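K.L.:
Quick one: structure below, then a few questions.
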Amino acid sequence: MELTALIVVVAIALFFNYTNGFHDAANAIATSVSTRALTPRAALAMAAVMNLVGAFLGTGVAKTVGSGIIDPPKDLHGLTIVAAALIGAIVWNLITWYFGLPSSSTHGLVGGLIGAALAASGSVLWADVLEKVVLWMVLSPVIGLILGYLVMTGFLWIFRNSYPGRVGRRFRIAQSLSAAAMALGHGLQDAQKTMGIIVLALVTTGYQDTTDSHVPVWVILICAAVLSLGTYAGGWRIMRTLGRRVIELDPPKGFAAEATAASVLYATAFIWQAPVSTTHTITAAIMGVGSTKRLSAVRWGVAGNIVVAWVLTIPAAGIVAAVAYGVISLFH
């Protein structure tokens with residue numbers, strides 16, 4: 363019974379990972395596609411490969427997700443909490459994908475974990491949540507916004523006397539590299555979150571010891587592969603929002619936004635092991651880059667809708683997860 367339940371939860375985790383891939387594919391490639399630096403299919407293929415590579419570069423974020431948000435009981439009840447958390451995250455992912463809103467799969471997962479744990483009268487590690495999640499939920503978009511503005515300002519000054527057409531062509535080539543860097547950061551961050559959830563499920567069922575903090579190789583392999591498949595499936599609705607509706611992007615702006623966001627993703631993963639949102643980071647960087655032209659260049663109405671989705675993500679996913687926990691509990 364317990365092994366069957368574990369297999370089901372791992373399958374749900376991988377489905378979440380797949381939705382994360384097509385939901386967040388836009389993060390890595392929207393700017394490159396909208397500036398025509400890459401064709402959509404070429405961009406998706408590149409993003410899928412780089413996601414695969416990024417997933418193998420570290421496990422710090424996985425450890426944070428697996429042991430730094432909730433402390434479920436080590437039994438079937440704990441597995442129920444994990445399953446409910448995943449359902450909450452998946453449902454919110456699908457709702458925001460349907461409406462084309464670039465919300466955070468990361469914070470959907472965190473919200474799901476918190477909501478399911480509270481519904482089960484379980485233990486939420488609030489100090490770790492505040493330090494590793496809430497703090498970086500605020501800081502990462504702020505840093506992305508400011509850095510995006512500064513990087514683009516620097517480009518405008520350096521190339522102030524250059525011929526715009528030639529500069530555009532060079533940045534279009536450079537964007538292939540920055541898009542790859544962004545996709546690598548997405549794999550580094552987002553594949554690890556599902557790894558952490560699967561390890562949490564293994565620990566609650568006794569298939570992995572609580573003191574054993576490593577992520578099994580099979581978990582890394584399967585999470586990397588599924589995320590890449592999801593990315594290749596594409597997320598066209600969200601891609602249109604990020605690539606065209608927030609600001610009108612050109613190759614220099616696209617490169618500046620991607621390079622900025624990728625830098626934030628690497629720093630938070632390797633230095634602080636914090637599960638930050640690739641969505642928040644790239645969207646904020648795009649806004650920062652766009653505001654160098656003039657503040658009105660950013661469509662703040664669209665940006666406002668995105669921010670509302672950000673604010674709602676944790677509580678909304680938490681509510682869905684709490685309801686899911688209640689429903690699942692009826693069957694055991």
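Whatever position you read off the sequence shown (first residue = 1), add 362 for this note's numbering.
Glycine included, each C-beta is placed from N, C-alpha and C at the ideal position.
Predicted model only: the values in this text are computed from it and were never measured.
Comparing C-alpha positions only, which one of Val423, Val444, Leu438 sits nearest to Ile432?
P.N.:
Cα-wise, what sits closest to Ile432 is Val444.
K.L.:
Taking the alpha helix (DSSP H) that Pro402 falls in, what are its first and last residues?
P.N.:
Run containing Pro402: 402 to 417, per the alpha helix (DSSP H) assignment.
K.L.:
Please name the residue, chosen from Val491, Trp454, Ala636, Phe521, that lies closest to Pro614 on a Cα-to-Cα basis.
P.N.:
Taking only the C-alpha atoms, the option nearest Pro614 is Phe521.
K.L.:
Below 7 Å between beta carbons: does that hold for Asp612 and Thr397?
P.N.:
Cβ distance < 7 Å, so Asp612 and Thr397 count as in contact.
K.L.:
Give me the DSSP bridge partner(s) of Val486.
P.N.:
Looking at the DSSP assignment, Val486 forms a beta bridge with Ile432.
K.L.:
Compare the Cα-Cα distances from Gly416 to each of Val669, Ala545, Asp437 and report the closest residue.
P.N.:
Answer by Cα proximity: Ala545.
K.L.:
Which one of Met408, Val395, Ile369 has the shortest CA to CA distance from Ala542?
P.N.:
Nearest option by C-alpha distance: Met408.
K.L.:
Look at the alpha carbon of Thr630 and the alpha carbon of Ile676, and state the distance between them as a whole number of angstroms.
P.N.:
Rounded to the nearest angstrom, the two C-alpha atoms are 20 Å apart.
K.L.:
In three-state DSSP terms, what is Glu610?
P.N.:
It is coil, neither helix nor strand.
K.L.:
How would you label Gly605, buried or exposed, when you count the other beta carbons within 10 angstroms and need 16 or more for buried?
P.N.:
Because the pLDDT at Gly605 is just 49, under 50, the model does not fix this residue reliably, and the point stays unresolved.
K.L.:
Buried or exposed: which applies to Leu345, given that a residue is buried once 16 or more other Cβ atoms fall within 10 Å of its Cβ?
P.N.:
In the structure as shown, the chain starts at 363 and stops at 694, and residue 345 therefore has no counterpart that could be examined.
K.L.:
Taking the alpha-carbon positions, what's the Ile535 to Gly592 distance?
P.N.:
Using only the alpha carbons, I get a separation of about 26 Å.
K.L.:
So which of Gly680, His642, Val638, Val689 has the shortest CA-CA distance to Asn667?
P.N.:
Among Gly680, His642, Val638, Val689, the Cα nearest to that of Asn667 is on His642.
K.L.:
Taking the alpha helix (DSSP H) that Lys655 belongs to, which residues open and close that run?
P.N.:
Premise fails: Lys655 is in no alpha helix (DSSP H) and is neither H nor E.
K.L.:
When the Cα of Leu550 is compared with those of Ser524, Thr567, Leu583, which residue comes out closest?
P.N.:
Residue Leu583 is the option with its Cα nearest to Leu550.
K.L.:
Can you tell which of Leu463, Leu564, Met557 has the C-alpha that lies nearest to the C-alpha of Leu589?
P.N.:
Among Leu463, Leu564, Met557, the Cα nearest to that of Leu589 belongs to Met557.
K.L.:
Please confirm if the region 634 to 641 is in contact with the region 513 to 528, defined as three or more CB-CB distances below 8 Å between the two stretches.
P.N.:
Segments in contact, no.
K.L.:
Run through DSSP, which three-state label would Gln554 get?
P.N.:
Looking at Gln554 - three-state DSSP - the assignment turns out to be helix.
K.L.:
Using only the alpha-carbon positions, how far apart do Val500 and Gly596 sit?
P.N.:
Taking the straight line from one Cα to the other gives about 27 Å.
K.L.:
My guess is that Gly473 and Gly450 are in contact by the Cβ rule of under 8 Å, so how many angstroms apart are they, rounded?
P.N.:
Yes, they are in contact, since the Cβ atoms of Gly473 and Gly450 sit about 7 Å apart, within 8 Å.
K.L.:
Are the region 459 to 470 and the region 435 to 442 touching by the rule of at least three beta carbon pairs closer than 8 Å?
P.N.:
At 8 Å Cβ cutoff, the stretches do not touch.
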